[in-house]
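So the sequence shown is numbered by the UniProt record's numbering: it starts at 1 and just counts up by one.
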Amino acid sequence: AELQLVAEVCKAHDLLAVSDEVYEHCVFPSALSAPPRHLQLAAEPGMRERTITIGSGGKLFALTGWRVAWAYGPAALIQPLSRSHTHLTFSAPTPLQAGIAAALDVEDGLDEVPVLFGGNWQLLADALREGTSIGSICEAQGG
1 AELQLVAEVC KAHDLLAVSD EVYEHCVFPS ALSAPPRHLQ LAAEPGMRER
51 TITIGSGGKL FALTGWRVAW AYGPAALIQP LSRSHTHLTF SAPTPLQAGI
101 AAALDVEDGL DEVPVLFGGN WQLLADALRE GTSIGSICEA QGG
């Protein structure tokens, strides 16, 4: 429902969207619902042509110091972004880019990401419930 609302606002006001989806592979399973899946803003009707989507190998594999990320979207939006990129950031070392590419290439390699992040979340939530006087904790749905 939230993504539909964002899409409606973007279309109504002729806005472009930059969608930070660095944790797209980290949707936690829930006993209360169907198998989880990531929803992309660009998949909403009329949004593909107006959305730049951001991903991050560093965040996905808990290697944030590696600074390996990407952006994708329609060529008309990506080309100006590509031209300005070298003036705005320092590039990630080539071996780290190759490492992330290899990790993304492993079949079923991303299946463990929600398990790892979900386990970390559960440890934190349990510690907060047991060690603090916090009344309630909102269950995380993903990374």
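Yeah, the Cβ is synthetic: ideal placement off N, Cα and C, and Gly gets one too. Predicted model only: the values in this text are computed from it and were never measured.
Residue i versus the options, residue with shortest Cα-Cα distance
{"i": "residue 138", "options": "132, 125, 68", "result": "125"}
{"i": "residue 56", "options": "104, 114, 116", "result": "104"}
{"i": "residue 118", "options": "93, 36, 41", "result": "36"}
7 angstroms CB neighbourhood of residue i in its chain, flanking five on each side removed
{"i": "residue 140", "result": "28, 121"}
{"i": "residue 64", "result": "58"}
{"i": "residue 44", "result": "3, 4, 7"}
{"i": "residue 11", "result": "46"}
Beta-carbon contacts of residue i that lie in its chain and below 6 angstroms, excluding the five residues immediately before and after
{"i": "residue 18", "result": "52"}
{"i": "residue 66", "result": "58, 96"}
{"i": "residue 100", "result": "57, 68"}
Alpha-carbon to alpha-carbon, residue j and residue i
{"i": "residue 71", "j": "residue 78", "result": "8 angstroms"}
{"i": "residue 21", "j": "residue 131", "result": "32 angstroms"}
{"i": "residue 136", "j": "residue 129", "result": "8 angstroms"}
{"i": "residue 81", "j": "residue 54", "result": "12 angstroms"}
{"i": "residue 102", "j": "residue 42", "result": "26 angstroms"}
{"i": "residue 84", "j": "residue 14", "result": "23 angstroms"}
{"i": "residue 98", "j": "residue 134", "result": "44 angstroms"}
{"i": "residue 106", "j": "residue 73", "result": "24 angstroms"}
{"i": "residue 75", "j": "residue 62", "result": "29 angstroms"}
{"i": "residue 9", "j": "residue 1", "result": "13 angstroms"}
{"i": "residue 108", "j": "residue 94", "result": "24 angstroms"}
Inter-residue CB distance, residue i and residue j (contact presumed, cutoff 8 angstroms)
{"i": "residue 115", "j": "residue 25", "result": "Not confirmed; about 11 angstroms, so no contact."}
{"i": "residue 16", "j": "residue 48", "result": "About 12 angstroms separates the two Cβ atoms, so there is no contact after all."}
{"i": "residue 96", "j": "residue 68", "result": "5 angstroms"}
{"i": "residue 39", "j": "residue 3", "result": "6 angstroms"}
Ordered list of alpha helix (DSSP H) runs contained in the UniProt domain "Aminotransferase class I/classII large" (2-108), each at least 4 residues:
The alpha helix (DSSP H) runs of length 4 or more contained entirely in the UniProt domain "Aminotransferase class I/classII large" (2-108) are, from start to end of the chain, 2-12, 57-60, 75-88, 94-105.
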